[in-house]
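Student: Residues -19 to -1, 1 to 113 (mature numbering (1 follows the signal peptide of the UniProt record, and there is no 0)) make up the sequence shown, in order. Note that CB positions come from ideal geometry on N, CA and C, so glycine has one too. The structure displayed is predicted, hence computed values, not measured ones.
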Amino acid sequence: MELWLWILLAAFCFGNIQTVHKVTQPPGDVILTQGQTATLNCTFTTIDSDPYLFWYKQEVNSYPKFILRRSRYSADNSPEFVKDRFDAELKDSSVPLMIQDLHVCDSAVYYFCLCPSKPCERHKTRITSYYT
């Protein structure tokens, strides 16, 4: 086979590897008041038939804390983030995080992550909650 054809095939095949896993969250902050429900949207694309999808919370001057994991066949919440307040339903290509009965302590940056096919693809959304 001609060298130029090998190069073209390699560029086509390996060039697409970067886009087989993608996560997207709308940019910007979500500003709500105490007691409201926040829905943090995200979408993903992947070639995996059963991807692991995670949500994390990061408060100021702290490390990200695991909230929950969803996949097509399982759902887990961290004991710190009870399912009656923090929940996410896996849909075809999204897993929006719902936080019910917001508290001021919910103010943080929230990360969505798709794993394990390659290092986590993650994005963030900041929630600011105020007393009314």
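What number of angstroms, rounded off, separates the C-alpha of valine 76 from the C-alpha of tyrosine 44?
Tutor: Looking at the two C-alpha atoms, the distance is approximately 22 angstroms.
Student: Pull up the distance between the alpha-carbon of leucine -17 and that of threonine 26, whole angstroms please.
Tutor: The predicted position of leucine -17 is uncertain, since its pLDDT is 44 and thus under 50; a value taken from the coordinates is nonetheless stated next. The alpha-carbon atoms of leucine -17 and threonine 26 are separated by roughly 33 angstroms.
Student: Could you compute how far the alpha carbon of aspartate 87 sits from the alpha carbon of leucine 95?
Tutor: Each residue's alpha carbon lies about 22 angstroms from the other.
Student: Could you spell out where the beta strand (DSSP E) holding asparagine 58 opens and where it closes?
Tutor: Counting along the chain, the beta strand (DSSP E) containing asparagine 58 begins and ends at 56 to 58.
Student: Rounded to a whole number of angstroms, what is the C-alpha to C-alpha distance between aspartate 31 and arginine 51?
Tutor: About 10 angstroms.
Student: Looking at the unbroken beta strand (DSSP E) that takes in residue 118, where does it start and where does it end?
Tutor: The structure shown does not extend to residue 118, since the chain spans only -19 to 113, so no value can be given for it.
Student: Hey, quick one: how far does the beta strand (DSSP E) through aspartate 10 stretch, first residue to last?
Tutor: First-last of the beta strand (DSSP E) with aspartate 10: 10 to 14.
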